[in-house]
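Numbering (the working numbering), first residue to last: 11 to 166.
Inspection log for the structure reproduced underneath, given as structure tokens.
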């Protein structure tokens, strides 16, 4: 049974692996650790580009499927947070580019998607209501956004 604690521990390990793999190229700014976070962590590149980033830790290889998914609702909420962060940066006279990101760990590597630039398709499927189940998780229709793995930046 996946509890929220188990789920967030996997995500934090993925973030740590990303941080180690990118060495001095990125700086992790903040890791979120509550079940209602719109995204999982923020990082910056060269103090000019900030990503509000969702993390998924998959149990399959990157070659098992041609794409990976994210809920459309999650993507839309992330885009709202990005817009809020852009407005805040402008108000504070900060020159930063802020974008949504998606980090996916597969069994054979880490992949990063810049959600501002990557192409995607959508579908609707029955999925568990939440990814951290207490064993009594109902299924609901969700609109999913599909990203081609070949369009990601392979981190390691």
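Idealized CB from N, CA, C, for every residue including glycine.
On a predicted model such as this, the values are computed, not experimentally measured, just so you know.
Report the option in 109, 155, 119 whose CA atom is closest to the CA atom of residue 131. The closest CA to that of residue 131, considering only 109, 155, 119, is found on 155.
In this structure, how does DSSP classify residue 90 when only helix, strand and coil are distinguished? Here residue 90 sits in helix by DSSP.
Over what stretch of residues does the beta strand (DSSP E) that includes residue 77 continue unbroken? 77-81
With H, G and I counted as helix, E and B as strand and the rest as coil, what does DSSP make of residue 116? strand
Beta bridge counterpart(s) of residue 151 as assigned by DSSP: 136
Taking 9 angstroms as the cut-off, decide whether the C-beta atoms of residue 52 and residue 59 are in contact. no
Going by DSSP, which residues form a beta bridge with residue 163? 122
Tell me the DSSP bridge mates of residue 85? None; residue 85 has no bridge partner.
Out of curiosity, what's the CA-to-CA distance linking residue 15 and residue 68? Bear in mind that a pLDDT of 48 at residue 15, under 50, signals an unreliable position, so the model cannot answer this.
Once the 5 residues before and after residue 124 are set aside, which same chain residues still bring their CB inside 7 angstroms of it? These residues qualify, in order along the chain: 109, 111.
Does DSSP put residue 9 in a helix, a strand or coil? Nothing about residue 9 can be reported from this structure: the residues present for the chain run from 11 to 166 only.
To the nearest angstrom, report how far apart residue 31 and residue 88 are at their CA atoms. Computed Cα separation, rounded: 24 angstroms.
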